[in-house]
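Chains as they are written, first to last, in the numbering used here: chain A, 3 to 159; chain B, 1028 to 1438.
All residues carry an ideal CB built from backbone N, CA and C; glycine is no exception.
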Amino acid sequence: MPKKDKMQPLQLYRYLPRSNCKKCGVPSCLAFAFGLISREKKPEDCPDMLKDEYRPSLDLLKEYFGEGAQVEKTGLLIDKDKCTGCGDCVIACQKCQGTIMFGTGTILPRDVPDVYKIVDGIVDVKHWESCKRCADRPEMCRVCEERCPTGALELVK
Amino acid sequence: MASTATTVCTACSCLCDDIGLQLEDDIIRRVENACRKGSSSLYGARFEQRRSRHLVEGREVGADEAIDRAAAELSRARRPLIFGLDNSSLEAQGAGIELARRLRCVIDDTSSFCQGNLVGQILSGALPSCTLPEVKTSDLILYWGANPHHSHPRHLSKFTIYAHPDYTELGAVRRVTLAAVEVRESETSSVCHRVFRILPRADRDLISAIGKGMAGQETSADGKRVVDLFRKAKFTVIFAGLGLTYSLDNDYLPFIEMVKQLSSWGRVAVIPMVGHYNMRGFNQSLHKAAGHVNKVSFADGVSSGDQFSFLEQVRNRSFDCLMVIGSDPFASLPKSVSSALEGIPRIVIDPYQSATSEGSTVVIGSAVTGVEAAGTAVRMDGAEVKLLPPLAPSRPGDEEILRRVMEKVSR
Ligand code: SF4
């Protein structure tokens, strides 16, 4: 199965109570949806979701955003079950290390060790600090997520 | 004692040669760079429950007894059939072909219902090809009927688009294009720059649409778009997958014609997406020894034809003893066909237990080539790769077994 079974915020919003009651600590249900995606919130953080009428929605959201998901420093979520170890992310990430100077087209190279390594057939993060999201002036790069053919990599921030 | 090693993966015909290992007393503890398929195959070699033991009629015996019985069965048979060898080294394939010649029997491998014909067209010069390192000088990479993310997971990152020096994630200029012709959305098509979705078995229609487009005639929208892509390319590499092979039903003429026409616009090369790691090696070895890539009979000099393909042989029960080396045809044959083979003595040489080894007259457990046994293999592009086994062999290798059987065969 190719990728693209990720829940988008508006899609997710439809499963929430949509009352904007703020009991979860954020200003609106849509903000809560974003919180779920970035894994800062859990489905149970919404008290209304615990009511019986929302049981099916809660079960579904738990499947997507429940326990076990560990967001690493750069907002990266790795689904090890989906990873086939093709190594596309390793090389795509190598190829985006650098900054292009707009207008001139010159590339300022960045000589850093590889972010990823394939270990035992599954992607592993070796050097967080090499990720452009950790740079002095962070760049919200998404190349690895976009190139992952199975949807195993997700940048939730 | 802990140690490190570099090895060649033999789980597919990419034969990745950059696999790093950490070992501890002949046990693999960590595999680096190999994909999931490759690392499972490396770890699997020490999974004793799945490995085969030497058996004669289900009774565990020593290697000598199993080899003696195999030789006796082959000597007794009037029309034996040798099948497999795609997962063996070139050296073992040489021994297998020699054995077939000695027994004056039929020899075939999985390529007869897979990519054999395509490899044959390349070996005979009807289709131009190139090596995988040369792909790095191309500007159009086209996967036709293939999903390498399933079959050859590291193909894109090690040999094609991501390994291409002109490929960059920075800037807006694209110097190398990745395209796919596919019947469905696949992992590979999801990362391609251009995708041409066709209906199942419509490859021939697309080929003729391309032909019309190149001749300047009215053609389909897809035909036009593919022609535009080809027109701009200076060096195109087409990776032909099983989707194309099965759709053309092994009749490559229209495809060859298309490639010939395209060659007038720029360089075109075709590389078959070979499955088993040394299937192309078998085709090349047999081509060298007998002038054909598969389906060969040594009964009357050398002859080749569809009647000698494994499927036809099985359908007609044309053999009275079957020897299978490193292959599991029973896992894919319909039950009605495989059960028709009951009563025919079966000799299986395989490192692992399989549907074919189940209930066989003789099973000879062999070393896993590339992990325990050394040798040479041929990558999908025809380059020879020396295998670097990291583990000590727990059983004799295919080549040794075949040579010992050959010594004992009385013919
Ligand atoms: S791509 Fe093929 S050869 Fe390379 S590591 Fe994976 S299975 Fe092994």
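For PRO1423/B, the first and last residue of its enclosing alpha helix (DSSP H): PRO1423/B -> no alpha helix (DSSP H), and no H or E assigned at all.
Could you tell me whether any Cβ in chain A is nearer than 7 angstroms to the Cβ of THR1031/B? no
Mind listing which residues of the region 1215-1247 of chain B have their C-beta closer than 8 angstroms to chain A's C-betas, in chain order? THR1215, SER1216, SER1217 and VAL1218
Taking 6 angstroms as the limit, tell me which residues put their C-beta closer than that to any heavy atom of the ligand SF4, in chain order. CYS1036/B, ALA1038/B, CYS1039/B, CYS1041/B, LEU1042/B, CYS1043/B, ALA1061/B, CYS1062/B, LYS1064/B, GLY1065/B, HIS1179/B, PRO1180/B and ARG1181/B
So which of ALA1316/B, HIS1314/B and SER1331/B has the shortest CA-CA distance to LYS1322/B? SER1331/B
Count the other CB atoms, across all protein chains shown, that sit within 10 Å of the CB of ASP1053/B; report buried if there are 16 or more and exposed otherwise. exposed
Alpha helix (DSSP H) runs wholly inside the region 75-159 of chain A, at least 4 long, in chain order: 90-97 and 145-149
Compare the beta carbon distance of CYS1039/B and GLY87/A with 7 angstroms and say whether it is the shorter of the two. no
What separation, rounded to the nearest whole angstrom, lies between the Cα atoms of LEU1313/B and VAL1222/B? 37 angstroms
Please report how far the alpha carbon of LEU1082/B lies from the alpha carbon of ARG1073/B, in whole angstroms. 19 angstroms
CA-CA distance, VAL997/B and ILE1149/B? Given a span of 1028 to 1438 for chain B in the structure shown, any question on residue 997/B remains unanswerable.
Could you tell me which whole beta strand (DSSP E) segments of length 3 or greater appear in the region 1277-1354 of chain B? 1294-1299 and 1348-1352
Quick check on VAL1162/B: does DSSP put it in helix, strand or coil? helix
To which residues does DSSP link ASP1379/B through a beta bridge? Correcting the residue type first, residue 1379/B is Tyr in the shown sequence and not Asp. Paired residues: ARG1078/B.
Leaving out the 5 sequence neighbours to the left and right, which residues in its chain are closer than 6 angstroms to THR1112/B when beta-carbon positions are compared? The sequence as given places Leu at residue 1112/B; Thr does not occur at that position. Excluding positions up to five away in sequence, the list reads GLN1120, GLY1123, ASP1136, PHE1309 and ILE1352.
Expressed to the nearest angstrom, what Euclidean distance is found between the alpha-carbon atoms of ALA1098/B and ILE1109/B? 13 angstroms
When you compare the CB of ARG149/A with every CB in chain B, is at least one pair closer than 7 angstroms? yes
In chain order, which alpha helix (DSSP H) runs of at least 4 residues are fully inside the region 1218-1252 of chain B? 1230-1241
Just mark MET142/A as buried or exposed, buried being the case when its beta carbon has 16 or more other beta carbons within 10 Å. exposed
Quick check: VAL1203/B and TYR1194/B, are their CB atoms within less than 7 angstroms of each other? yes
PRO1467/B, DSSP secondary structure in three states: Nothing about residue 1467/B can be reported from this structure: the residues present for chain B run from 1028 to 1438 only.
If ARG1201/B and HIS1220/B are in contact, beta carbons under 8 angstroms, what's the gap, nearest whole angstrom? 7 angstroms
May I ask you to verify whether the region 1397-1415 of chain B touches the region 1347-1362 of chain B, counting CB pairs closer than 8 angstroms and requiring at least 3? no
Note the first and the last residue of the continuous beta strand (DSSP E) segment covering ILE1055/B. 1054-1059
Counting contacts by CB-CB distance shorter than 7 angstroms, is CYS146/A in contact with chain B? no
Assigned secondary structure, MET3/A (DSSP; H/G/I helix, E/B strand, else coil): Annotation note: pLDDT 48 at MET3/A (below 50); position unreliable, no value reported.
Buried or exposed: SER1014/B, going by 16 or more other Cβ atoms within 10 Å of its Cβ? This structure gives no information on residue 1014/B, because the portion of chain B shown stretches from 1028 to 1438.
Which residue marks the beginning of the beta strand (DSSP E) containing ASP54/A, and which one marks its end? Element bounds for ASP54/A: n/a, residue is neither H nor E.
With H, G and I counted as helix, E and B as strand and the rest as coil, what does DSSP make of TYR1066/B? Residue identity differs from the one stated: residue 1066/B is Ser in this sequence, not Tyr. DSSP places SER1066/B in helix when its eight states are reduced to three.
Contacts around GLU1214/B, its chain only, beta-carbon distance under 8 angstroms, and the 5 residues preceding and following it disregarded: ASN1174, HIS1176 and HIS1177
For a contact meaning CB atoms closer than 7 angstroms, what does THR1195/B contact in chain A? LYS97
Same chain, Cβ closer than 7 angstroms to MET3/A, five either side skipped, listed in chain order: With a pLDDT of only 48 at MET3/A, under 50, the local geometry of the prediction cannot be trusted, and the value read off the model is given with reservation. Contacts found: none.
How about TYR1170/B: is its C-beta nearer than 7 angstroms to some C-beta of chain A? no
Use the C-beta contact count for SER21/A: other C-beta atoms within 10 angstroms, 16 or more gives buried, fewer gives exposed. exposed
Going by DSSP, what residue range makes up the alpha helix (DSSP H) through LYS1362/B? 1362-1366
Quick check on the burial criterion: 16 or more other C-beta atoms within 10 angstroms. Buried or exposed for PHE1282/B? buried
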